[in-house]
Amino acid sequence: MQNDNIISSETLLAAVDLGSNSFRLEIGRYEKGQIQRVDYLKETVRQGGDLDEERNLKPEAIERGLKCLARFGETLKGFPSHHVRAVA
């Protein structure tokens with residue numbers, strides 16, 4: 003997918019799903035009352051399996067998550083921020 007295609011349209015929406023095993027980025031185009039998938043990225047981050055004794059994320063897990071979010075950010079560069087939502 004070309005980033006130029008995403009940036010040029012105001013009808014595109016993006017959602018980031020932050021799960022305990024994987025993070026997902028879904029980009030869709032809003033047309034005729036429905037959202038049609040344009041792109042979908044999924045990365046395994048294994049956040050939930052890398053907890054310390056107090057059930058907090060270990061530094062390695064945090065680093066994996068941040069690197070994944072940085073890659074998603076590159077995909078969304080120039081995307082209107084009010085068209086992006088993140089959920090955990």
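Add 2 to a position in the sequence shown, counting from 1, and you land on the number used in my numbering. Ideal placement from N, C-alpha and C gives every residue a C-beta, glycine not left out.
Go through its chain and collect everything with a Cβ distance to residue i's Cβ below 6 Å, but skip five positions before and after it.
i, result
"residue 20", "90"
"residue 39", "30"
Does DSSP classify residue i as helix, strand or coil?
i, result
"residue 53", "strand"
"residue 25", "strand"
"residue 88", "strand"
"residue 78", "coil"
In the DSSP output, which residue or residues are listed as bridge partners for residue i?
i, result
"residue 44", "26"
"residue 16", "29 and 86"
"residue 37", "32"
Excluding the five sequence neighbours on either side, which residues of its own chain have a C-beta within less than 7 Å of the C-beta of residue i, listed in chain order?
i, result
"residue 36", "none"
"residue 50", "22 and 23"
"residue 54", "60"
Enumerate in chain order the residues of its own chain whose CB-to-CB distance from residue i is below 8 Å, with the five nearest sequence positions on each side excluded.
i, result
"residue 33", "13"
When you compare each of the options to residue i by their alpha carbons, which one comes out closest?
i, options, result
"residue 76", "43, 31 and 38", "43"
"residue 63", "52, 45 and 16", "52"
Is there contact between the segment 16-36 and the segment 68-75, where contact requires at least three CB pairs shorter than 8 Å? yes
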